[in-house]
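Trainee: One structure is given below, represented as structure tokens, and several questions about it will come after.
Numbering (the working numbering), first residue to last: 1 to 514.
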């Protein structure tokens with residue numbers, strides 16, 4: 001007969017065996033995953049991540065765990081891709097299995113980005129929107145047709161810098177917004193006081209302030225989005241509702257303005273106009289097509305504005321901090337233009353050092369250090385590791401650009417690193433192949449953004465002297481190369497001196513606006 005103590009012993013043995021089996025199973029699973037820091041129950045590796053500059057921490061982990069790192073973010077399995085090689089292997093070469101998105105509760109379900117293919121799950125609707133974006137930004141004829149408006153806005157940029165150089169940040173953002181807004185909606189933004197520019201800036205600001213996609217607390221614990229307004233901590237939900245209004249307006253209002261202009265016969269050529277003509281039947285646009293056109297238009301508009309403005313601000317900071325680089329770029333420019341005209345797209349191949357400068361700007365501060373995470377849509381095998389479906393794939397673009405084996409002395413801003421490379425080596429190490437993302441999720445507007453950045457930078461080099469500012473006592477102000485943490489890495493506000501190079505350049509600037 002089993003007595004009380006025997007029952008307790010059997011119960012204890014059962015608990016012990018269950019614990020042993022659980023530990024063994026967990027260890028077996030971890031052995032099939034890439035190496036990474038040891039997680040703890042419930043939190044996983046979250047306790048090891050700082051609130052700021054997570055991409056720096058991910059890179060430090062490479063010293064112990066290599067270029068492919070496994071981590072647990074609460075219950076979510078994640079792989080940190082710290083090298084270009086790994087990112088290409090998974091996100092590009094296995095794109096059919098690695099082009100999903102993690103569930104982005106904050107961005108999609110709360111803020112209204114569910115209509116934007118950048119955050120959309122991989123599937124038929126995503127393919128449809130991607131094809132729409134391809135029409136706008138991936139055909140040579142379309143890209144060539146945009147050159148006139150890009151040229152116009154680059155000339156307007158240097159005029160604004162001439163008239164009010166202290167507002168360089170506003171002028172750079174206006175340039176970035178005006179070019180893409182004209183392409184998408186056929187509307188020209190003339191100043192930073194434009195209502196549509198203000199709307200786009202507000203939508204972008206609340207997006208950046210919200211945190212990284214699929215990596216906020218509500219993404220890991222979706223029930224938090226349903227907290228009642230009186231519950232402690234629900235204030236974030238209230239702010240999200242306010243942000244949603246800006247984002248919905250950024251999608252809806254410019255679209256309706258464009259549509260009304262088309263109906264009245266006053267519309268300019270635009271991507272939205274071409275999409276409406278293609279998808280309307282007997283004057284009727286389906287609800288699904290309308291939402292897709294709005295989503296692609298908004299996504300391209302905000303995405304290009306964010307990337308272009310951030311890169312150009314980084315360029316200005318780099319030129320202020322590195323006068324030797326700026327002087328060398330100006331000397332090259334003068335040999336081509338003779339100070340008698342502004343640079344144009346046809347000059348690009350004749351300005352190889354400027355090309356090196358742009359590559360180095362991308363490398364020095366990629367605008368989105370961690371990009372937008374991918375997710376596996378099915379189980380993937382890579383290097384003998386089993387990667388389950390639903391694994392978050394974090395592309396550490398910043399770490400890739402800081403790889404000392406590929407870019408020696410990565411902390412140094414040094415465009416000459418690319419000058420010394422042969423054509424094949426440059427092709428392999430071109431930072432443009434990293435900064436815009438990988439595979440099927442790479443930015444569709446990357447060629448337009450890159451050409452806008454190039455022409456704006458070239459125009460500023462040709463017309464302006466850019467350097468350090470002085471305080472009221474004539475002392476030089478040395479800016480610091482500090483970049484704000486978060487989804488987007490913009491330079492911290494800095495003071496600089498921007499002025500026309502000469503009286504003849506002043507006249508040249510005026511002639512371009514005549």
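All residues carry an ideal CB built from backbone N, CA and C; glycine is no exception.
Rounding to the nearest angstrom, what Cα-Cα distance links residue 158 and residue 459 in this structure?
Mentor: 7 Å
Trainee: Tell me whether residue 106 sits in a helix, a strand or coil according to DSSP, three-state version.
Mentor: helix
Trainee: Would you decide whether residue 278 is buried or exposed? Buried here means 16 or more other CB atoms lie within 10 Å of its CB.
Mentor: exposed
Trainee: Three or more C-beta pairs under 8 Å: does that hold for the region 477-487 against the region 303-322?
Mentor: yes
Trainee: First and last residue of the alpha helix (DSSP H) that includes residue 327?
Mentor: 323-337
Trainee: Answer yes if the region 339-357 comes into contact with the region 442-456, meaning at least three C-beta pairs across the two stretches below 8 Å, and no otherwise.
Mentor: Flag = yes, the region 442-456 and the region 339-357 touch.
Trainee: Specify whether the region 298-306 and the region 328-336 touch according to this definition: at least 3 beta carbon pairs, one from each stretch, less than 8 Å apart.
Mentor: With a cut-off of 8 Å, the region 328-336 and the region 298-306 do not count as touching, because too few Cβ pairs lie within range.
Trainee: What does residue 70 pair with, by DSSP beta-bridge criteria?
Mentor: 79
Trainee: Am I right that residue 105 and residue 225 are in contact with their C-beta atoms under 8 Å? What's the rounded C-beta distance?
Mentor: 6 Å
Trainee: Smallest Cα separation from residue 432: which of 422, 420, 448?
Mentor: 448
Trainee: Between which residues of its own chain and residue 221 is the CB-CB distance below 8 Å, once the five residues before and five after are set aside?
Mentor: 74
Trainee: Is the Cβ-Cβ distance between residue 515 and residue 161 less than 7 Å?
Mentor: Outside the shown range of the chain, which is 1 to 514, sits residue 515, and nothing can be said about it.
Trainee: Between the region 286-295 and the region 146-158, can you find at least three pairs of beta-carbon atoms closer than 8 Å?
Mentor: Verdict: no, contact absent.
Trainee: Looking at C-beta atoms only, is the number of pairs between the region 213-220 and the region 241-255 that lie closer than 8 Å three or more?
Mentor: no
Trainee: Indicate whether residue 86 and residue 67 have their beta-carbon atoms separated by less than 7 Å.
Mentor: yes
Trainee: Going by Cα to Cα distance, which pick from 185, 418, 487, 180 is closest to residue 396?
Mentor: 487
Trainee: Where does residue 284 land, buried or exposed, given buried means 16+ other C-beta within 10 angstroms?
Mentor: exposed
Trainee: For residue 501 and residue 400, what's the separation of their Cα atoms in angstroms?
Mentor: 37 Å
Trainee: Identify the residues that DSSP records as bridge partners of residue 395: which are they?
Mentor: BP columns for residue 395 point to 81.
Trainee: So, at 6 Å on beta carbons, what are the nonlocal neighbours of residue 435 in its own chain, with the 5 sequence-adjacent residues on each side left out?
Mentor: Only 362, 366 meet the Cβ criterion.
Trainee: Would you call the region 161-173 and the region 308-316 touching, i.e. three or more CB-CB distances under 8 Å?
Mentor: Output reads yes: the region 308-316 touches the region 161-173.
Trainee: What's the call for residue 337, buried or exposed, on a 16-neighbour Cβ count within 10 Å?
Mentor: Classification for residue 337: buried.
Trainee: Relative to the C-alpha of residue 577, which residue among 65, 78, 475, 129 is closest?
Mentor: Only positions 1 to 514 of the chain appear in this structure, which leaves residue 577 out of reach.
Trainee: By how many angstroms is the C-alpha of residue 63 removed from the C-alpha of residue 93?
Mentor: 26 Å
Trainee: Is the Cβ-Cβ distance between residue 257 and residue 273 less than 7 Å?
Mentor: Not a contact, by the Cβ cut-off of 7 Å.
Trainee: Does the separation of the CB atoms of residue 186 and residue 269 fall below 7 Å?
Mentor: yes
Trainee: Please classify residue 509 as buried or exposed, where buried requires at least 16 other C-beta atoms within 10 Å of its C-beta.
Mentor: buried
Trainee: Going by beta-carbon coordinates alone, are residue 375 and residue 102 separated by less than 7 Å?
Mentor: With respect to residue 102, residue 375 sits close: the two C-beta atoms are nearer than 7 Å.
Trainee: Identify, in the order they occur along the chain, each residue of the same chain with its Cβ nearer than 6 Å to the Cβ of residue 55, setting aside the five sequence neighbours on each side.
Mentor: 369, 370, 396, 398
Trainee: Could you name the residues that DSSP lists as bridge partners for residue 470?
Mentor: 476
Trainee: Looking at residue 360: is its Cβ nearer than 7 Å to the Cβ of residue 408?
Mentor: no
Trainee: List the endpoints of the continuous alpha helix (DSSP H) containing residue 382.
Mentor: Careful: residue 382 lies outside any alpha helix (DSSP H), inside the beta strand (DSSP E) at 380-382.
Trainee: Would you decide whether residue 531 is buried or exposed? Buried here means 16 or more other CB atoms lie within 10 Å of its CB.
Mentor: Only positions 1 to 514 of the chain appear in the structure, and residue 531 is not among them; the question remains open.
Trainee: In chain order, what residues of the same chain have a beta carbon less than 6 Å from the beta carbon of residue 243, not counting five sequence neighbours either side?
Mentor: 111, 206
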